[in-house]
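In terms of our numbering, the sequence shown is residues 55 to 970.
Think of the CB as a built atom: it goes at the ideal place given N, C-alpha and C, for glycine as much as any other residue.
Quantities reported herein were computed from a predicted structural model and do not represent experimental measurements.
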Amino acid sequence: MHRRALLGRDTERRTLAALVEQGAAGSGGATVITGAPGIGKSALVAEAAGAAARGGARVITAVGVQSEEDLPCAGLHQLVHQLRDGIDDLPGRQRTALLAAVGLVDEAVPDLYLVGLAALTLLTDAAAKAPLLVVVEDAHWMDRASLDVLGFVARRIESDPLVLVAVTRRLDDRLSSAGLPVLHLGPLTDEVSGEVLDAVAPGLGQQVRRRLLEEAAGNPLALTELPVALQSVGGAYALNPGPLPLTARLERTFTARVSRLPADTRAVLLLSALNGDGTMDECLAAATRMLGTAVDAGAFEAAIGAGLVEAQGAAFKHPLIRSAMHHAATAAERQAAHAALAAALHGQPDRQAWHRAAATAGLDERVARDLDSTAGRALRRGGVAAALAALRRAAELTKDPSVRADRLLRAAELALESGQGDVATHLLTQARSLELSVRDRGRAAWVSIALAEGTRGEGAATAELAELAVEIAAGGESTLGLRMLWSAVLQCFWGEPGPAALERVAAAADRMPVPADNADLVALRAYSAPVERAEGVMEGLAGQLERSSENAEGDQLLGAAAVTVGAPALASRFTARSLDALRAQGRLSMLARALCVQAGSAARLGDVRAGSLAAEEAASLARETGQPLVHAMVNAIRAQLAAVSGDPAAEAWAAEAEREALPSGGRPVLAIMQMARGQAALCQGRYGDAFGHLHRVFDPADPAFHSWLRFYAVAELVEAAVRSESAEVARDIVRELTPLGESTSSPALLCGLRLGRALLSPQDAAEPLYRAALDAVPTDWPFEGARARLALGEWLRRHRRPAESRVALRAAREIFDALGASAWAERARQELRAAGASSPRQDPAAVDRLTSTELHVAQLAAQGLTNREIGERLYVSPRTVSTHLQRMFPKLGVTSRGELAAVLGATTTYPEGAAS
Ligand SMILES: Nc1ncnc2c1ncn2[C@@H]1O[C@H](COP(=O)(O)OP(=O)(O)OP(=O)(O)O)[C@@H](O)[C@H]1O
Ligand SMILES: [Mg+2]
């Protein structure tokens, strides 16, 4: 069927040829080809692959196989096998992760993204030797872990002689929805259809020809198969439109052809169809078992003769023949075939377990247990989707209700983890229909709360979850208890469950039976009651910083907690500590969150450069790892950074964040976005607008209200209020927050209240208040100090003390300039001019001409890292790193990486940078 010359498809052929050519020239890429069964996807790719090979490229192929959808990394394994010579050259951690993922060594995979990095290195290393074309065929049947890894790789092909072409029937494929360009194949034109038909079946009568063209509707497989069917028993199906879709009718033409073959041939074909990419020997052994008589390779002869399988290797000529075999068999025949395969497979427990399960109609605990073990192995290899499938099937086979509930709940947790909310809900409902133990009730509650995460918290339910968590921890399950308490606390953070529920959750955290210096507990308490129970919280956090930490996850949570408490400098130290470890372990989901915290604290610290760098990376990782709320949060933070630096894009980022967060009621996102709008307006002198934006964060009836984040905006709110004749409102707010300020050591609230009081006080009495506010700013928060100096300088100038005013304003301006907080630096400049000092505009630093990725690469190169090491840190290929370096040298006016350190001298990442 294949290998006939392609007709038509000119545009698509040109597009693909151009991609392959660019790849050969060193700037490769990826594309996904989509289209209906038989529409000509494989034929198109085969042509491009042939041309690539003739041009000297190496072509490797992986094929998705329906029966292996649930074997983790089965697709990736095919590619790795073809590139096995390069495995030894991979960096150690990557090598282990890759081998573990494809099941070649028995180690746990820490995170699938590390496997992605390993695959990227393996492929780009191979491509460095000769241009490489990777074809992923029938991706609609490929296991999810492989697709995730390949999507990760495909998005990173930039400066390598590497091209990845994936072929899928699905429009909404994981690869095409992963942001890769899509080439969709529709029906052939009437004219080309006619040419194809005439080439296959010359000399047809006019009427039959017209009928065939109509039936085939531009589908080339139909155009090549229907004429064959017409001459055989399948003709009736072929030209009998009826209700069946074309694909089903084509399948039937194949079935009809199969039905005329001898029994042993039919048996080996059914077994091959069910055996995925297993070997011919396995099929023959299973056939022998099934038929009770020796079957050898001769059994394939008849199928080769009928044009159903390739002469070489006995592979099906078209995937539809495989599914035709599947559909044509009765359920009993399929079960018998699966049983025979299970018995014939040796030393492959996972495939065996699946075949045995497929051979079982009712309940069978032994089979269920084997599948449960398969799930465990899949998880170790990072195959969450595969483990989920195995557990679901195992639950179906399980008789004992409590064992069944346990399997259902584990499956629900995995569904949740992999972002399949609807599946998790379904599994949860099934589990809840059984009688559950206290522990399992807790797990079910945890899943259901987590499913609602990001939406408005149901106050009582959140509080109950927290109390159940304590009960469960007291019963000895402290890990589960802590996890549940986290859900409750995050629910409080993202929603606004009301003061009563907040108090109950905080009280539950107080009672949690784990040691007081447990990192989780410290973070939980900071999150659940950052101010109400602030005594001890700051000390607890500071104590954690002194302890050496190997717990990247704990550090990430502590960092997030520190932001909540109002201690951004502390937060950035925790996240800085977690970032390297998260990168090394390939935990990109958590890395996205850690970078988001880092960007958020940098925005509060006024450190625009470090913040933008972190935000950029956080945004792309949040998108890649499917965390929309984190993405929305990053956009709100980008708005904040833009406001601080006087970039007019602030409003656009804020609007984007709002659009993303509103559907899920992401309260903290809305709060930060409003603060960004307020700050931008304040720096532009639009005080009324600024007050309007900021007041929403303080108004409990507003969706942007946030109990704790509002502490960051106190001083700005007061300033905007005073300057827009709303001082009374601000005075009430300061009065309301004062008791909290007396019981807390939250730096954000304390600084905000002090400066706020100075701004509100009668003009003549204000000086000592301004000075006190300045003195109280912690040394690790220079931006806040500069704001206090700016306010003091303004006051001094208005009270006709220009010389003193200039001292304060100059100091403020220098700090703002050093941080890149240009909007604030500009305010200081205006005041300085008004105070009679000239203040030249600062030239933009050369580094500000770099994109944030370039800046990141430059910083790492300046530290002496090699391209390979930089690639490893930033999850790109070494050649992409080298392209970035080449692009930035002229922008910086340097010619070698040795000069980078000198040019970058001024920009180091926080905390060193902002503390200067
Ligand atoms: N443009 C064309 N000109 C001539 N023949 C074609 C053309 N496109 C496809 N064919 C033939 O049509 C048949 C089906 O094409 P192909 O196998 O590429 O379909 P497919 O889209 O890969 O289907 P599936 O999704 O089922 O794998 C093949 O025999 C192929 O040679
Ligand atoms: Mg195909």
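Cutting at 7 Å between CB atoms, please list the residues of its own chain near Leu277, excluding the five before and the five after it.
The beta carbon of Leu277 sits closer than 7 Å to those of Ser247, Val250, Leu251, Val254 and Ala270, all from its chain and outside the five residues before and after it, given in chain order.
Using only alpha-carbon positions, find the residue among Val619, His853, Leu481 and Gln733 that is nearest to Glu705.
Gln733
Identify which residue in Pro215, Asn329, Asn605 and Arg777 has its Cα closest to the Cα of Arg740.
Arg777
Verify whether the separation of the beta carbon atoms of Glu122 and Asp197 is less than 8 Å.
yes
State buried or exposed for Ala292, treating a residue as buried only when at least 16 other CB atoms are found within 10 Å of its CB.
The pLDDT assigned to Ala292 is 48, lower than 50, so where the model puts this residue is not dependable; a value taken from the coordinates is nonetheless given after this. Buried, since its Cβ has 16 or more Cβ neighbours within 10 Å.
Beta-carbon proximity check, Leu218 vs Val188, cutoff 8 Å:
yes
At a threshold of 7 Å, does Lys95 count as lining ligand 2 (C-beta to nearest heavy atom)?
yes
Those runs of the alpha helix (DSSP H) which lie wholly inside the segment 209-282 and span at least 4 residues:
244-254 and 260-270
Beta bridge counterpart(s) of Leu186 as assigned by DSSP
Arg112 and Leu216
Assuming Met727 and Ala708 are in contact, meaning their beta carbons sit under 8 Å apart, how far apart are those beta carbons, in whole angstroms?
5 Å
Can you tell me the Cβ-Cβ gap for Leu814 and Ala781, rounded? I've got them flagged as a contact below 8 Å.
6 Å
Need the endpoints of the beta strand (DSSP E) that Ala365 sits in, please.
Looking at the DSSP string, Ala365 is not in any beta strand (DSSP E), and its letter there is neither H nor E.
Rounding to the nearest angstrom, what Cα-Cα distance links Asp214 and Ile87 in this structure?
21 Å
Cβ atoms of Tyr929 and Arg447: under 8 Å apart, would you say?
no
So what's Gly437 in DSSP terms, helix, strand or just coil?
coil
Indicate whether the contact test is met: 3 or more Cβ pairs, each with one atom in the segment 106-119 and one in the segment 256-272, closer than 8 Å.
no
Reduced DSSP secondary structure (H/G/I, E/B, other) of Ala72
Ala72 sits in a helix when the DSSP states are folded into three classes.
Using alpha carbons as the reference points, say which of Gly660, Arg663, Val662 and Glu670 lies closest to Ala648.
Selection Gly660, Arg663, Val662 and Glu670 evaluated against Ala648 yields Glu670 as nearest (Cα-Cα).
My parser needs the alpha helix (DSSP H) runs of 4 or more residues fully inside the segment 462-517; what are they?
Counting only runs of 4 or more residues that sit fully inside the segment 462-517, the alpha helix (DSSP H) segments are 475-486 and 492-505, in chain order.
Any heavy atom of ligand 2 inside 7 Å of the beta-carbon of Pro944?
no
Would you tell me roughly how many angstroms separate the C-alpha atoms of Asp124 and Ser326, rounded to the nearest one?
17 Å
Pick out the complete beta strand (DSSP E) segments inside the segment 129-186, 3 residues or longer, and give them in chain order.
none
I think Ala478 touches Leu519, with their Cβ atoms under 8 Å apart; what is that distance to the nearest whole Å?
That belief does not hold up - the Cβ atoms of Ala478 and Leu519 are roughly 16 Å apart, past 8 Å.
Should Ala974 be labelled buried (16 or more other beta-carbon atoms within 10 Å of its own) or exposed?
Outside the shown range of the chain (55 to 970) lies residue 974, about which nothing can therefore be said.
Rounded to a whole number of angstroms, what is the C-alpha to C-alpha distance between Arg147 and Ala638?
Cα to Cα, Arg147 sits roughly 8 Å from Ala638.
In this structure, what does DSSP give as the bridge partners for Ile869?
None; Ile869 has no bridge partner.
Arg841, buried or exposed, once every other Cβ within 10 Å from all chains shown has been counted against 16:
Buried is the call here.
If you reduce the DSSP assignment to three classes, tell me which class Gly83 lands in.
strand
If you measure from the CB of Glu607, is any heavy atom of ligand 2 nearer than 7 Å?
no
Take Arg922 and list the residues in its own chain whose beta-carbon comes closer than 7 Å to its own, dropping the five residues that flank it on each side.
Pro932
With contact counted as at least three CB pairs below 8 Å, one residue from each stretch, are the segment 124-139 and the segment 153-164 in contact?
yes
In chain order, what residues of the same chain lie with their CB nearer than 8 Å to the CB of Leu60, ignoring the 5 residues before and after it?
Arg67, Gly94, Ala97, Leu98 and Glu101
Tell whether a beta-carbon distance below 8 Å holds between Arg434 and Val783.
no
Could you give the residue range of the alpha helix (DSSP H) that holds Met727?
Where Met727 is concerned, the enclosing alpha helix (DSSP H) stretches over Arg721 to Cys737.
DSSP state of Val117, grouped into three classes?
Val117 falls in the strand class under three-state DSSP.
Whole-angstrom Cβ separation of Thr25 and Ala357, contact assumed at under 8 Å?
The chain is shown from 55 up to 970; residue 25 falls before or after that span and cannot be answered.
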